[in-house]
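Colleague:
Protein chains in written order, with this note's numbering: chain U, 1 to 58; chain Z, 1001 to 1146.
(1) Hey, out of U:32, U:29, U:16, whose CA is closest to residue 1128 of chain Z's CA?
(2) Please list, in chain order, the chain U residues whose beta carbon lies closer than 8 Å to that of residue 1115 of chain Z.
(3) Against chain U, which members of the stretch 1064 to 1076 of chain Z pass a CB distance test of less than 7 Å?
(4) Roughly how many whole angstroms lie between the Cα atoms of residue 1022 of chain Z and residue 1029 of chain Z?
(5) Leaving out five residues before and five after residue 35 of chain U in sequence, what residues of the same chain have Cβ atoms less than 8 Å from its Cβ?
(6) Residues of chain U with CB closer than 7 Å to the CB of residue 1051 of chain Z, please, in chain order.
(7) Considering only residues of the same chain and omitting the five flanking positions on each side of residue 1116 of chain Z, which have a CB-CB separation below 8 Å?
(8) Are the CB atoms of residue 1075 of chain Z and residue 1130 of chain Z within a distance shorter than 8 Å?
(9) Nearest chain U C-beta to residue 1092 of chain Z closer than 8 Å, yes or no?
(10) Find the residues of chain U that neighbour residue 1132 of chain Z, judging by a C-beta separation of less than 8 Å, and give them in chain order.
(11) Please classify residue 1006 of chain Z as buried or exposed, where buried requires at least 16 neighbouring CB atoms within 10 angstroms.
(12) So residue 1041 of chain Z packs on residue 1047 of chain Z, CB below 8 Å; how close in whole Å?
(13) Taking DSSP as the reference, what is the three-state secondary structure of residue 1102 of chain Z?
(14) Examine chain Z for any beta-carbon lying closer than 8 Å to the beta-carbon of residue 32 of chain U, and answer yes or no.
(15) Going by Cα to Cα distance, which pick from Z:1080, Z:1098, Z:1050, Z:1082 is closest to residue 1062 of chain Z?
(16) Less than 8 Å between the CB atoms is what I'm expecting for residue 1053 of chain Z and residue 1137 of chain Z, so what's the real figure, rounded?
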């Protein structure tokens, strides 16, 4: 399997956010909302940090 | 005339609170061990079908992705650098799947593969997530969580 970095990141975020949502919240609605929040947080922070590191020469 | 602090009223309010079922210690250990061996099984045994199946799918898929991305499963080889023991501890958290993969010669790891680092991280994290799932099953079994 030869995923790109972003694809691997997205799959990682999806699976981890599923588990985090399931074990930290009680009701299905809360679990879904928290899972979606964690998923987009993973993606957003990765893109942000990627752009912050982009001008670094080393 | 009513008294807000009467003992009868407090007893009534306690009786209306839904009781969270609590397993005995031996069943709690059985649930935790089964959840450790097969991710999600502890929740399924307690009747949390949906939660258990979703945990099994998420953790199992993560393990399979890690193997497919040519990640490395660490072994308990004390002759190697001691820091690898942390990776071994994370890897064995996934239970039976680690043992099966290890005995099938999967998870050898190919450092020249582009996805080696991601695959190895997937394998660590799915084991660590299963530790969290076991703790969640423990909390449910002891009545700390609905």
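For glycine and all other residues, C-beta sits at the position ideal for the given N, C-alpha and C.
Modeller: So, from the listed chains and residues:
(1) U:16
(2) 1, 2, 3, 8
(3) 1065, 1068, 1069
(4) 13 Å
(5) 17, 18, 20, 21, 22
(6) 22
(7) 1069, 1070, 1071, 1072, 1109, 1110
(8) no
(9) no
(10) 19, 23
(11) Since pLDDT at residue 1006 of chain Z reaches only 46, below the 50 mark, its modelled position is unreliable, and the value read off the structure follows with that caveat. Exposed, because fewer than 16 other Cβ atoms sit within 10 Å of the Cβ of residue 1006 of chain Z.
(12) Residue 1041 of chain Z to residue 1047 of chain Z, Cβ: 12 Å. No contact.
(13) helix
(14) no
(15) Z:1098
(16) Incorrect: roughly 14 Å between the Cβ atoms, too far for contact.
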